[in-house]
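Numbers given in my numbering equal positions in the sequence shown, counted from 1, plus 2.
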Amino acid sequence: MGETSAEPDKNGFQASAWHFAALIAGNAALALGPWLVRLADTGPISAAFWRLLLPIPIIALLAWRGRAPGPMDVRLALLVVMAGVFFALDLASWHIGIEQTRLGNSVLFGNSGSVILMIWGLIALRRAPSWREAAGVVAALVGAAILLGRSLEISTTSFVGDLLCLFAGVCYAFYLLPAQRARAVLGQWSVLLLVCIAASPLLLGMAVFAGEPIWPGTKGWTPVLLLALSSQIIGQGLLVYSLRNFPPLIIGMALLTQPALAATVGWLVFEEVLVPLDIVGMALVAAALMLAKSAPPPRLASVRSD
Numbered sequence: 003m004g005e006t007s008a009e010p011d012k013n014g015f016q017a018s019a020w021h022f023a024a025l026i027a028g029n030a031a032l033a034l035g036p037w038l039v040r041l042a043d044t045g046p047i048s049a050a051f052w053r054l055l056l057p058i059p060i061i062a063l064l065a066w067r068g069r070a071p072g073p074m075d076v077r078l079a080l081l082v083v084m085a086g087v088f089f090a091l092d093l094a095s096w097h098i099g100i101e102q103t104r105l106g107n108s109v110l111f112g113n114s115g116s117v118i119l120m121i122w123g124l125i126a127l128r129r130a131p132s133w134r135e136a137a138g139v140v141a142a143l144v145g146a147a148i149l150l151g152r153s154l155e156i157s158t159t160s161f162v163g164d165l166l167c168l169f170a171g172v173c174y175a176f177y178l179l180p181a182q183r184a185r186a187v188l189g190q191w192s193v194l195l196l197v198c199i200a201a202s203p204l205l206l207g208m209a210v211f212a213g214e215p216i217w218p219g220t221k222g223w224t225p226v227l228l229l230a231l232s233s234q235i236i237g238q239g240l241l242v243y244s245l246r247n248f249p250p251l252i253i254g255m256a257l258l259t260q261p262a263l264a265a266t267v268g269w270l271v272f273e274e275v276l277v278p279l280d281i282v283g284m285a286l287v288a289a290a291l292m293l294a295k296s297a298p299p300p301r302l303a304s305v306r307s308d
């Protein structure tokens, strides 16, 4: 009897360790996305097009192997199309912003959908925020003001890049609202497949309209392929595997590895030096993201999966 009870404990510990490793690795894979966007020698919107188009066969296989989706009706189809439109706007704006601002800023502002969804939930319920929610909103506003001010000191281009990444965070929040409703019926991978199919032609049209180069140039396909696999397959897959096993506070803390890793890459590769005021602003926005993640419902899980 003693040996029987000991074995499940050991297995449970090992499973939790693997889930935690997957949670960290998934966030790390997503954090490298902005670096790969800069490495790709297509246009930024074209890189977003390829990152959604190339993984479609693998996502289709994962959707087929997953749980059987519920029936598709007009309402679900409209939800998926709406999610695809906002996801396309999110990626287009985010990728352009990544090219213009610091990597740490791009990840922080790109993940601002967490705070936006928390505010949206408060407005929908018409209730006052709790202390945690209020602290998150204040920290986000103060931290964003500091980072925007620092970017404006560097250049107007960096400031515009921050604004584009903030707009991407807004679009990501409005992508999640219809996507989460569709996921309840169709499943995670099926919705991601349909969103990629809906969003990729929109991104291609935007890239052509912007006059961007579509095909990779002298750097070849490697950065684009790595971007597609790390963002849509590895990062997404590891988060799907791990997120349901952790409370919101742990998820929020793990999310903070994304801006930390992105800022480190920006410093080592692109010489994006942070001064103490930058660190204060990033810490405030990061704290707001963690508070938004750990706040009680209503809210939607909004770790970036792109």
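Note that CB positions come from ideal geometry on N, CA and C, so glycine has one too.
Residue 112 vs residue 198 beta-carbon contact at 8 Å: no
Can you tell me whether residue 295 is helix, strand or coil according to DSSP? Residue state for residue 295 is assigned as helix, using DSSP reduced to three classes.
Helix, strand or coil: how does DSSP classify residue 4 here? With a pLDDT of 45 at residue 4, under the threshold of 50, the modelled position of that residue is not reliable, and the figure given next carries that caveat. In the three-state reduction of the DSSP assignment, residue 4 falls in the helix class, which pools H, G and I.
Give the C-beta separation of residue 100 and residue 259 to the nearest angstrom, bearing in mind that I take them to be a contact with Cβ-Cβ under 8 Å. Not quite, the Cβ-Cβ distance comes to about 18 Å (not below 8 Å), so this is no contact.
CB of residue 244 within 8 Å of CB of residue 30, strictly: It is not a contact, given that the beta carbons lie outside the stated cut-off.
Pull up the distance between the alpha-carbon of residue 47 and that of residue 94, whole angstroms please. 5 Å
Around the Cβ of residue 273, are there at least 16 other Cβ atoms within 10 angstroms (buried) or fewer (exposed)? exposed
Assuming residue 2 contacts residue 135 (C-beta within less than 8 Å), just tell me the rounded distance between them. The shown model of the chain, from 3 to 308, leaves out residue 2, and the question about it has no answer.
Could you give the distance in angstroms between the alpha-carbon of residue 267 and the alpha-carbon of residue 105? 8 Å
Pick from 128, 115, 171 and 193 that is closest to residue 74, judged by C-alpha positions: 193
In whole angstroms, what separates the C-alpha of residue 61 from that of residue 181? 16 Å
Just confirm the distance between the C-beta atoms of residue 218 and residue 42, as a whole number of angstroms; I'd bet it's less than 8 Å. Contact holds; Cβ gap of about 7 Å.
Please return the same chain residues whose Cβ sits closer than 6 Å to the Cβ of residue 208, not counting the five positions on each side in sequence. 47 and 94
With the cut-off set at 8 Å, would you say residue 35 and residue 232 are in Cβ contact? yes
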